[in-house]
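This report refers to the structure that appears directly beneath it.
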Amino acid sequence: MALEVAIRGKLWQFQKKTSYSRQRMRRSHDHIEIHPVGTCKNCGKNRFPHHMCLECGYYKGRKVITTKAEFRVLKKKKEED
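Going by my numbering, the letters in the sequence shown line up with residues 1005 to 1085, in that order.
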């Protein structure tokens, strides 16, 4: 006789126990991928390929965004004026 469990009003029967091998084969695609990391040509910090540098805000040799440190300096200068 199969063990039955009521879930949300429906009866559900346990199927055969999943073997250790089948369980491991199913989980073989759940691994964590290691992303490649390069270095920024401007500041030398680590960054992802095809992404701007989060430290200095440069991408392919040109300034793309102002960083938090630069934004704080600009904000202080604005407050002094």
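Virtual Cβ for every residue (Gly too), placed ideally from N, Cα, C. A quick note: this is a predicted structure, and the numbers were derived from the prediction, not measured.
Query                                                                                                                                                          : Result
Short of 8 Å in beta carbon distance, which residues of its chain neighbour GLY1042, apart from the five on each side in sequence? Order them along the chain. : ASN1050, ARG1051, PHE1052, PRO1053
Could you have a look at LYS1067 and say whether DSSP puts it in helix, strand or coil?                                                                        : strand
According to the neighbour-count rule (16 or more other Cβ atoms, all chains shown, within 10 Å of its Cβ), is GLY1065 buried or exposed?                      : exposed
Between the C-alpha atoms of MET1005 and GLU1037, what's the straight-line distance to the nearest angstrom?                                                   : Reliability of the predicted coordinates at MET1005 is poor, the pLDDT of 46 falling under 50, and no value is obtained from them.
Hey, how far is the Cα of SER1025 from the Cα of ARG1031?                                                                                                      : 10 Å
Assign SER1023 to one of three DSSP states: helix, strand, or coil.                                                                                            : coil
Taking only three categories from DSSP, how would you classify GLU1074?                                                                                        : helix
How many Å lie between TYR1062 and VAL1077 at the Cα?                                                                                                          : 18 Å
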